[in-house]
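**Student:** This structure is in structure tokens; I'll ask about it shortly.
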Amino acid sequence: MRNTPTASTRLINFLGSMNLAISLLVVLAIASIIGTILKQNQPYTDYQIKFGPFWFDLFKSMGLYDVYAAAWFLAILVVLVISIATCVGRNTPGILRELRHFRENVQEKSLRAMKHQLSLSSPMDNTAAQAMTQRILHAQGFKTRQKVADDHVVIAGMKGRANHWGYWLTHLGMIVILFGGGILDNSSLAIRIGEWQGTLKPETRNLPAADVPAISQLPPDNATYRGSVDIPEGNHANIIFLPVRDGYLVQHLPFDVEVKDFRVEHYSTGMPKSFESDLVIHDKALPKPLEATISVNHPLVYNGVAIYQANFGDGGSKINLRLHPFNSQFAVQDVEGNIFRDYKLSSSTQNYTLELKDFRLFNINDMEEPDGKVKKRNIGPSITFKLRDATGQAMEYQNYMNPVNIKGQNYLISGVRSSPADPFRYLHIPVDTKGGTGRFMRFLSDLQNTELVKKSALETTRTSMQQAQMQNADVENQVIESMVHLTSIFATKGSDGIMQEITTRFPEDKREAASEAFMKVLNASMRAVYQETLKQEGVTGEPNEADWMFFDDSLLAIDKISSYGSPWLIQMTSFKQIEASGLQITRSPGKSVVYLGSIMLAIGVFLLFYVSHRRIWVWIKPAGDKQSEIVLAGSSNRNQPEFELYFKHLQDTFTQTIGREVTHGNATGND
Amino acid sequence: MATQQEMIDSLIEQPGLFQRLGLTDWLWAGLILAATAFVFVQYGQVMDAYEIGILAMTAPGLVALGWFWKSFQPYALTVAVFSLFSAWLYSGSYANAESVFGLKFLLSSQSAIMWMSALFVMATVAYFGGLLANSDFTQKTATAITWAALIMGFTGLMVRWYESYLIDPEFGHIPVSNLYEVFILFCLMTGLLYLYYEQQYKNRSLGGFVLLVISAAVGFLLWYSFERNAAKILPLVPALKSYWMKIHVPANFVGYGAFALASMVSVAYLLRANGEKNNPQGFAATRLPPLEMLDDITYKAIALGFAFFTVATILGAMWAAEAWGGYWSWDPKETWALIVWLNYAAWLHLRLSKGWRGVPMAWWAIIGLFVTVFAFLGVNMFLSGLHSYGEL
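Taken in order, these protein sequences are the chains called B and W.
If you use my numbering, the first sequence closes out at 671, no skipped numbers anywhere.
If you use my numbering, the second sequence closes out at 1063, no skipped numbers anywhere.
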């Protein structure tokens, strides 16, 4: 029978083998690493950029973007379950035998061959020795079985049988966990089956939920799912989105969730302290809607569906914007809008689309304090938007609503970038004494007003020539002309425009001198215009230091406008924040199964390591004159060093009770 | 005959648990219960049901630990006295950390942790010195220094806990919430486990090896606090505001500490095995403990670590189910916890079922430490995910 194992026996031997089990543990560990190194479930375009077309396709076919749902990964788990099950099946009969059998039919010879054994002679007769043995073993917590043979008696004892329960609990616990987590709660498995059958197809387009075709929708009675939805305050939803590879499915809920309010609380440092949502569950089965507040770590479980506070975002805040055109030909314009909406703008040389992307109430940034230390400070609300021109090119902007104090000066700050990968470049518009952009915009418009520039150029030139006691109409006209010309270049193209002018008009060796002269002329002209601007504002007397600081800041800002990309400074004037609560909604019927398996596993592990199955045999043989010959032997399936100590202790007890008179005379005889 | 009978009875009858306890054991239990009752009366109204549950479980846990390992009693008492003294020195004002002498130089959490760091390094040197010089006295001194380091470290954590409430009652939390705090916990767990085995096996020659890994952790801790200002007490992010943190993190660090201990004992095993082969009369083959003992300690530490790591991972999954909407998300930290678990599961199977011993298993235990360190540190450094509380 043993010589020719059948194919099925060989298969079972293979599946239940320790080598396979250990290999599987290691293979599973290595396979798991992949998903931690390669970021999972990212947009496919990110992978495409990262790996290039060849590797992208290869990795995609291997399922590496969602490793833990890949067929081959599930296959490893299935083989692992089969291996554990086979192992348990194969070992169970043996363990049952271990548990039941006291092995009282043991041979004297095999006892004497055991590692832990002791022979001693006792002055007690057979019955007394038996009674004493029973007493000792019971006191030690052993269960015993006695066998009476013709010429001897065997008392077999064992304890610590729970160790074997440890084996069952750990291994069955693993199967229970893998069943609960891998089958009952495996939403991707059900989706995969649906895809194979052709009844499901993840949607990859960015559509409103109502437009998603039926083949990408799942009914409310779906057994398990885990998805998310953002619900603006005051709104409700009865669907969630399940991410599937590079697309998603729409999962219908068996009820309707309303978000009444969403709150963020902050610590004194500005760090968020809590995220909370007041929810209302509308369900026909309920006599009245169920109200509950959830927060991070405190979900709501309703009818087996758990609702978690996962994140938050803007829910379409109402925003009022004022567009200040940098070009004075156009008028100021007000726009009223909502986040996530697009608006057509036309009050410019070109048409643009304004795409409102995000609103933030708090911006906690690292700011340099006047004393030079960097501290976190809340600089107030901001809006993020894109401006898309007629060709489809877009720039992204982040504008702060309130002026920000930097080293004692106040500025309106606007960040701009052409790609999300770049950092924002910032435009700092100085804010006038009234806290607005009035003076800056007036100055800019005055710089673009040729008549005004000419007039102030004339005045300032005359004054300075009179001071210098010069009279030369040609020079005067030349100076005025170049003042007007340079000012108009600077007001539209910034210092880059001036540099260009110099490069085209002068040979290389004269450029430095020319630029110095140009800057002098330009500066004089703009100072004159600025004084005019102040006059218009109603400022009387000579400009003070603060006014000149404002002038310097204005020039820095105007210099950057040409590369700013927007024809307007877009200022948020007021807002009504509407937040959206990001909910994660899950149904996992396998959770309690997994917990049961986990408890089995935890108890089992402790039983396996900290309980050992110990056996003791005492062989008692009458030796004439009411004396006995005794053999004591023992074994343990765990923790041999400890058992060795324990057996020594037991040996002493036996020697001093049953064999005491012998040991008196022959104390070292048995060592 | 009656006396003989009595002698036999006393030999056979096993004294019950309570009979084996001495007066100090009962005093210990009384003290713990009194302290627990005090805490409950004083703070019960601000604790939620779970926290009261944890408190109720902590009391018998501490009593049992003190009964099981007698040295734990004076240790815990000293830590308690130091911590209370520190709280008294603070007298309700965090600013005292800079002005009161006893706090500034000894018992503010930062000073205590600096003392712990210095003492651990000193103990490492003393253990190795004692081993090289074969000096029993030096090794005993090393043990004493290690106890001192553990006292200062644990006091530092307790005081830090108190300080977090002093800064702002809203900030208050158990100091196991970021990488800085858990590194201290790691040093303490590893050190305590080592001292337990040192007593059990009556052998001090492994101290240097185990304290080497603690000293490495101390080095990281110092770099982290000086370079990154990591010692600053910050409030908890909402995701960490949960009673689960109080049990999940310490359970994990029993595991990490035990795995670290096992790997360092395995280093000693390799040295001894190599010494026995190449130079039987040499230093490694004569001064280091016998191979069987090293093998036994390694197995016991890995078994203990595995048991606690299993429990910690299950607790983590239960917490995740409450915080992230699923008990398992294949988050990098979770996945690496699984990898660590699978690694030691394989090790234990080989040892228990196939009876593997010796050099390969020692190497495996050492590699296990690297896997563990990656799970505990590397994931935070190189991989992002839900579990990114201790960023570098």
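Glycine included, each C-beta is placed from N, C-alpha and C at the ideal position.
#1: Looking only at its own chain, which residues have a Cβ that is under 6 Å from the Cβ of E291 of chain B, when we skip the five neighbours before and after it?
#2: Bridge partners for R161 of chain B per DSSP, in chain order?
#3: Are the CB atoms of S268 of chain B and E841 of chain W nearer to each other than 9 Å?
#4: Opposite T144 of chain B in the DSSP bridges: which residues?
#5: In terms of alpha-carbon separation, which member of W:G737, W:G732, W:A922 and W:T969 lies closest to L692 of chain W?
#6: Counting only beta-carbon separations shorter than 9 Å, does V908 of chain W have a partner in chain B?
#7: Kindly identify the DSSP beta-bridge partner or partners of G674 of chain B.
#8: Going residue by residue through the stretch 506 to 574 of chain B, where are the continuous alpha helix (DSSP H) segments of at least 4 residues, counting only ones entirely within it?
#9: From the DSSP output, which residues share a beta bridge with Y684 of chain B?
#10: Is the Cβ of H164 of chain B closer than 9 Å to any Cβ of chain W?
#11: Relative to the alpha-carbon of Y530 of chain B, which residue among B:K455, B:T133, B:D371 and B:E512 has its alpha-carbon at the smallest distance?
#12: Does the stretch 599 to 611 of chain B come close enough to the stretch 82 to 100 of chain B that 3 or more CB-CB pairs lie under 8 Å?
#13: Which chain W residues sit within Cβ distance under 9 Å of Q584 of chain B?
#14: With distances taken from CA atoms, which of W:S896, W:L877 and W:W999 is nearest L803 of chain W?
#15: Less than 7 Å between C-beta atoms, sequence neighbours within five positions excluded: which residues of the same chain meet that for R943 of chain W?
#16: Looking at chain B, is there any beta carbon in it that lies within less than 9 Å of the beta carbon of F1007 of chain W?
#17: Can you tell me whether I193 of chain B is buried or exposed? The criterion is at least 16 other CB atoms within 10 Å of its CB, across all chains shown.
#18: Could you tell me which residues DSSP puts in a beta bridge with S122 of chain B?
#19: How about A524 of chain B and T460 of chain B: are their beta carbons less than 9 Å apart?
#20: With three or more beta-carbon pairs closer than 8 Å as the criterion, would you say the stretch 58 to 70 of chain B touches the stretch 36 to 48 of chain B?
#21: Could you round the C-beta distance between V830 of chain W and A789 of chain W to whole angstroms and report it? I think they count as a contact, below 8 Å.
#22: With DSSP collapsed to three states, give me the class of K50 of chain B.
#23: Give the straight-line distance between the Cα atoms of P731 of chain W and A992 of chain W, rounded to the nearest whole angstrom.
#24: With distance defined between alpha-carbon atoms, name the residue in B:L645, B:R614 and B:N639 nearest to F142 of chain B.
#25: Is I319 of chain B closer than 9 Å to F575 of chain B when the C-beta atoms are compared?
#26: Could one say the Cβ of A223 of chain B lies closer than 9 Å to chain W's Cβ atoms, at least one of them?
#27: Of all Cβ atoms in chain B, is any one closer than 9 Å to the Cβ of H844 of chain W?
#28: Among the residues of its own chain, which have a CB less than 7 Å from the CB of E369 of chain B, if the five just before and after it don't count?
#29: In chain W, which residues lie less than 8 Å from L601 of chain B when you measure between Cβ atoms?
#30: Under three-state DSSP, which class holds H116 of chain B?
#31: Looking at the structure shown, is F711 of chain W part of a helix, part of a strand, or coil, going by DSSP?
#32: In chain B, what lies closer than 8 Å to E684 of chain W by C-beta?
#33: Only counting the same chain, and skipping five residues up and downstream in sequence, which positions put a Cβ closer than 7 Å to that of T450 of chain B?
#34: Report buried or exposed for I30 of chain B, applying the criterion of at least 16 other Cβ atoms within 10 angstroms of its Cβ.
#35: Is D1002 of chain W buried or exposed, if buried means 16 or more other CB atoms sit within 10 Å of its CB?
#36: Whose C-beta lies closer than 8 Å to the C-beta of D151 of chain B among residues of the same chain, with five residues either side of it excluded?
**Tutor:** In this structure, then:
#1: Taking the first residue of the first sequence as 1, we reach residue 291 of chain B at position 291. For E291 of chain B, where only same-chain residues beyond five positions count, the Cβ hits under 6 Å are V280.
#2: By 1-based counting over the first sequence, the position of residue 161 of chain B is 161. BP columns for R161 of chain B are empty, so no partner.
#3: If you number the first sequence from 1, residue 268 of chain B lands on position 268. If you number the second sequence from 1, residue 841 of chain W lands on position 170. Against a cut-off of 9 Å, the Cβ pair of E841 of chain W and S268 of chain B comes out as a contact.
#4: Position 144 of the first sequence, counted from the start, is the residue given in the question as residue 144 of chain B. According to DSSP, T144 of chain B bridges with B:G157.
#5: Walking along the second sequence from the start, residue 692 of chain W turns up at place 21. Minimum Cα distance to L692 of chain W is reached at W:G737.
#6: Taking the second sequence and counting its residues from 1, the one referred to as residue 908 of chain W is at position 237. Yes, V908 of chain W counts as interfacial toward chain B.
#7: No answer is possible for residue 674 of chain B: the residues shown for chain B start at 1 and end at 671.
#8: 511 to 537 and 545 to 561
#9: Because chain B here runs from 1 to 671, residue 684 of chain B falls outside it and cannot be looked at.
#10: Position 164 of the first sequence, counting from 1, holds the residue named residue 164 of chain B. Chain W, which has no Cβ nearer than 9 Å to the Cβ of H164 of chain B, makes this no.
#11: Translated into positions along the first sequence, residue 530 of chain B becomes position 530. Of B:K455, B:T133, B:D371 and B:E512, the residue nearest in Cα terms is B:K455.
#12: no
#13: By one-based count along the first sequence, residue 584 of chain B stands at place 584. Chain W residues near Q584 of chain B: W995, G996 and G997.
#14: What you label residue 803 of chain W is simply residue 132 of the second sequence in a count that begins at 1. When each option's Cα is compared against that of L803 of chain W, the closest is W:L877.
#15: Against the second sequence, residue 943 of chain W aligns to sequence position 272. Excluding positions up to five away in sequence, the list reads A955, A956, L959, L962 and L965.
#16: Taking the first residue of the second sequence as 1, we reach residue 1007 of chain W at position 336. The sequence as given places Trp at residue 1007 of chain W; Phe does not occur at that position. Yes, W1007 of chain W lies at the interface with chain B (some Cβ there is under 9 Å from its Cβ).
#17: On the first sequence, position 193 is the one that residue 193 of chain B refers to. By the 10 Å Cβ count, I193 of chain B comes out exposed.
#18: Translated into the one-based positions of the first sequence, residue 122 of chain B becomes position 122. Answer is B:S628, bridged to S122 of chain B.
#19: If you number the first sequence from 1, residue 524 of chain B lands on position 524. If you number the first sequence from 1, residue 460 of chain B lands on position 460. Their beta carbons are under 9 Å apart, which means A524 of chain B touches T460 of chain B by this criterion.
#20: yes
#21: Here residue 830 of chain W refers to the residue found at position 159 of the second sequence. Here residue 789 of chain W refers to the residue found at position 118 of the second sequence. About 17 Å; that fails the 8 Å criterion.
#22: For the purposes of this step, residue 50 of chain B is taken as residue 50 along the first sequence, with counting starting at 1. Looking at K50 of chain B - three-state DSSP - the assignment turns out to be helix.
#23: Working through the second sequence from its first residue, we reach residue 731 of chain W at position 60. Working through the second sequence from its first residue, we reach residue 992 of chain W at position 321. Roughly 28 Å between the two C-alpha positions.
#24: Along the first sequence, one-based indexing puts residue 142 of chain B at 142. Of the candidates B:L645, B:R614 and B:N639, B:R614 places its Cα closest to the Cα of F142 of chain B.
#25: Counted from its first residue, the first sequence places residue 575 of chain B at position 575. Counted from its first residue, the first sequence places residue 319 of chain B at position 319. Closer than 9 Å, so yes.
#26: Position 223 of the first sequence, counting from 1, holds the residue named residue 223 of chain B. False, the Cβ-Cβ gap to chain W never drops below 9 Å.
#27: Numbered from 1 along the second sequence, position 173 holds the residue referred to as residue 844 of chain W. Chain B contact via Cβ: absent.
#28: Taking the first sequence and counting its residues from 1, the one referred to as residue 369 of chain B is at position 369. Closer than 7 Å at Cβ, skipping near neighbours: K375.
#29: Within the first sequence, residue 601 of chain B is the residue found at index 601, counting from 1. T981 and I985, listed in chain order.
#30: The residue given as residue 116 of chain B occupies position 116 in the first sequence. Here H116 of chain B sits in strand by DSSP.
#31: Within the second sequence, residue 711 of chain W is the residue found at index 40, counting from 1. It is helical.
#32: Taking the first residue of the second sequence as 1, we reach residue 684 of chain W at position 13. By Cβ distance, chain B contributes A139.
#33: As a first step, residue 450 of chain B is located in the first sequence; it is residue number 450 there, counting from the start. Cβ within range, chain order: V484 and S488.
#34: Here residue 30 of chain B corresponds to residue number 30 of the first sequence, with the count starting at 1. A residue is called buried once 16 or more other Cβ atoms fall within 10 Å of its Cβ, and I30 of chain B, having fewer, is exposed.
#35: Position 331 of the second sequence, counted from the start, is the residue given in the question as residue 1002 of chain W. Around the Cβ of D1002 of chain W, a 10 Å sphere holds 16 or more other Cβ atoms; the residue is buried.
#36: The sequence position of residue 151 of chain B within the first sequence is 151, counting from 1. Excluding positions up to five away in sequence, the list reads K621 and P622.
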